[in-house]
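The next block holds one structure in the form of structure tokens; read it before the comments.
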Amino acid sequence: MRPPPDKVCVYAGEVMHRRLLDTGYRFRYRVFSLLLDVDELDSAADAAWCFSRNRFNLLSFHDADHLPPDACSLRGWAEQVLRDGGVDVAPARIRLLCFPRVLGVVFNPLSLWYCENADGAPLAVIAEVRNTFGERHCYLLRASQPGWPLRARHAKHFHVSPFIGMRAEYAFELDHPATSLRVSIREFRDDALLLIATQHGERLPFTAAVLLRQMLRVPLQTLKVVGAIHWHALKIWLRGTPFHRKPHAPIEEVS
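Here's what the structure looks like:
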């Protein structure tokens, strides 16, 4: 039986990055993401023959891609992050927005853990960030006001791009993932806007036919994402943008 679309679905859309302070450089690329209720992962695997959990398939989701080595479960880890961050209410629902493994390979620059109460209001969102050096860091985003969209600001603690230094702050704006998806991140240094990154998409049912169509629409998505990052980094460097050396990753997993 296919799980309900608000628990497991596909988003087909686009990612856009735009630098504003120096080069004014902009690029975009097509992607598809999965929104997965962490309590419905086995149901998702049963709903589409081309998708599996924790084993190889055309498309797959592996818990270990989103957990530290000592974590026991996706829900358990997320609930601990919320408790450590001062969120005293256990989430009724946790949904993870991420790219799937394609032929066993994945790179997720940003994964979002939507943690909601029983009424669907946001308790918090965990923004899980990875860089191309194999490092991972998470930002706990607490809502500045009740309801959606969730808006939160957070100091930068984790190196992502060699062309933007660490003295910066993020402003997140996240809509409730429903029939459409909208994610907006702006990066500031003092009051100067450095970067805008967005992802938008339209919801599609979680079926084998939809998943296969998305694989054809965005073939070898993981290689495309990694390749786009390095290709556009080269173009930015050739424009003479100052280069920042990579600092050590933060000791704390979550900030």
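All letters in the sequence shown, in the order written, are residues 922 to 1176 by our numbering.
The beta carbon of each residue, even a glycine, is placed where N, CA and C say it ideally should be.
Since this is a predicted model, take the numbers as computed values, not measurements.
Annotation: the region 1062-1130 contains the following complete segments of the beta strand (DSSP E) (minimum length 3 residues), in chain order: 1071-1076, 1090-1095, 1101-1110, 1113-1125. In the DSSP assignment, Asp967 falls outside any beta strand (DSSP E) and within the unbroken alpha helix (DSSP H) covering 962-968.
Here DSSP, grouped into helix, strand and coil, assigns Gly1025 to coil. Here His987 carries a helix assignment [DSSP, helix/strand/coil].
The DSSP-derived three-state label of Arg996 is helix. The beta-bridge partner set that DSSP reports for Phe972 consists of Leu980. Per the Cβ contact rule, the region 964-972 is in contact with the region 1123-1134 (3 or more Cβ pairs under 8 Å).
It is roughly 19 Å from the alpha-carbon of Ala1073 to the alpha-carbon of Arg1051. In the same chain as His1097, and ignoring 5 residues on each side of it, the C-beta atoms closer than 6 Å to its own belong to Trp1069, in chain order.
Around the beta carbon of Gln1120, 16 or more other beta carbons lie within 10 angstroms, which makes this residue buried.
Boundaries of the beta strand (DSSP E) harbouring His938: 929-940, taken from the DSSP string. In this structure, the CA atom of Leu980 is about 6 Å from the CA atom of Leu1024. One Cα belongs to Asp960, the other to Glu935, and the distance between them is close to 27 Å. Three or more Cβ pairs closer than 8 Å define a contact, and the region 941-955 meets that threshold against the region 1103-1116. With distances taken between CA atoms, Glu1174 lies nearest to Pro989 out of Pro989, Met1136, Val1026.
In the DSSP assignment, Ile1047 is bridged to Trp1034, Leu1061. C-alpha of Asp984 to C-alpha of Arg974: approximately 8 Å in a straight line. Under the DSSP definition of a beta bridge, Val1175 partners with Cys1059.
Per the DSSP secondary-structure output, Arg949 pairs in a beta bridge with Met937.
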